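Read through the structure below, which is laid out as structure tokens, and then see the notes.
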Amino acid sequence: MANKGKTILITGCSTGIGKALAIEFHNKGHRVFAASRTVSSLKSLAEIGIEIIQLDPTNADSIYNARSEISKQTDGKLDILINNAGQWIESPAIEVDLDRVKDMFDVNVFAVMEMNKQFIPLLIAAKGTIVNHGSILRNMPHPMTAAYNASKAALAQYSTTLRLELAPLDVKVVELVTGRVATGLVTLPTLANTSIYKPLEPAVQKRAREAETMQPTNVFAKAVVKDILSSSHREISRGKMATLGWVITTFFPTWAWDPVMNSSSGLKEFREPILRRALDLKK
3 MANKGKTILI TGCSTGIGKA LAIEFHNKGH RVFAASRTVS SLKSLAEIGI
53 EIIQLDPTNA DSIYNARSEI SKQTDGKLDI LINNAGQWIE SPAIEVDLDR
103 VKDMFDVNVF AVMEMNKQFI PLLIAAKGTI VNHGSILRNM PHPMTAAYNA
153 SKAALAQYST TLRLELAPLD VKVVELVTGR VATGLVTLPT LANTSIYKPL
203 EPAVQKRARE AETMQPTNVF AKAVVKDILS SSHREISRGK MATLGWVITT
253 FFPTWAWDPV MNSSSGLKEF REPILRRALD LKK
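For any residue, its number in this note's numbering is found by taking its place in the sequence shown, counting from 1, and adding 2.
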């Protein structure tokens, strides 16, 4: 296929935001390489003319193979790399499965580092742009997602430093700070019967249902694609509550919004049942 517009690689395109971004860039006339661990999950994208490629961002050999293939097809250049693949864990901080946390950090942080490391020659050649997909939870103490919040905080600091280091090479780095979008990433959480926080389960599930009725991915993608193609901002904030999240964390001290988090999460309402359960389980 002949090159047209910019060349763009997006990871995690099997569903949700990645898929929506791939479609929107394609509709704008750009050449998109949509990546996923399993190419069979990309069938619907291939059917509309988007180029698909197998890529597991947690596997260095898989990244190398994808880079080699893309380099051959683009004369060694890549205009935009969007590190979109991600994982989500919803669990109390003191009860979370650390093996799952390590897997999540592998996808949300270390895979991004490896992707950027391997694709940097193509990005330098094109004076391209790296987009790391972050979250408003990078600096918001959102209860029950401490591990996920931590992974996005790590990604944010990495992105900021990477931006400075790549500036002399004329490669831009943008952090996409996403608010509440109906991504399909969030599943209805359940808390173990042995969990101290079991009384909180209805509130946690209610919040999960609300999250998936937020901004549709196609609406989100239209705004983000426009931003990436026309903006020189270091950050792009999109999705429900993205702007509000920035305002809260930038201008308000933690003592002012901790009560809001406690109330919205159910921690305030269920404080006594949680405490009683902790004491009962201790017996």
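We treat Cβ as the ideally placed atom computed from N, Cα and C, and that holds for glycine. Every value quoted in this text rests on a predicted model; they were computed, and no experiment measured them.
Boundaries of the alpha helix (DSSP H) in which residue i is found, first to last residue
i    : result
L166 : A148 to L168
S266 : T256 to S267
L11  : Note, L11: premise wrong, no alpha helix (DSSP H); beta strand (DSSP E) at T9 to I12.
S46  : K45 to A48
F107 : L100 to F107
Beta-bridge pairing of residue i - partner residues as DSSP gives them
i    : result
A205 : None, per the DSSP bridge assignment.
V183 : Q217
K242 : R182
E53  : F35
N134 : N85 and E177
E237 : E177
For residue i, three-class secondary structure by DSSP
i    : result
A113 : helix
N85  : strand
R278 : helix
G31  : coil
N141 : coil
A95  : coil
G78  : coil
E212 : helix
K129 : coil
I198 : coil
T251 : helix
E271 : coil
N118 : helix
N67  : helix
P123 : helix
L171 : helix
S16  : coil
8 Å contact criterion, which residue i and residue j should meet: CB distance rounded
i    : j    : result
G136 : L157 : 5 Å
F41  : I52  : As written in the sequence, residue 41 is Val, which differs from the Phe given in the question. Not a contact, Cβ separation roughly 12 Å.
A36  : I12  : 6 Å
F222 : R211 : No, F222 and R211 are not in contact; Cβ-Cβ is about 19 Å, not under 8 Å.
R182 : Q207 : Their Cβ separation, rounded to whole angstroms, is 16 Å, which puts R182 and Q207 out of contact at 8 Å.
K154 : L139 : 6 Å
N-terminal and C-terminal residue of the beta strand (DSSP E) that residue i is part of
i    : result
L178 : K174 to T180
Classification of residue i by the beta-carbon crowding that lies within 10 angstroms, buried from 16 upward
i    : result
D81  : buried
S70  : exposed
K21  : buried
P201 : buried
Q159 : exposed
D172 : exposed
L100 : exposed
V249 : exposed
T177 : As written in the sequence, residue 177 is Glu, which differs from the Thr given in the question. E177 comes out buried.
I50  : exposed
F253 : exposed
R209 : buried
N151 : buried
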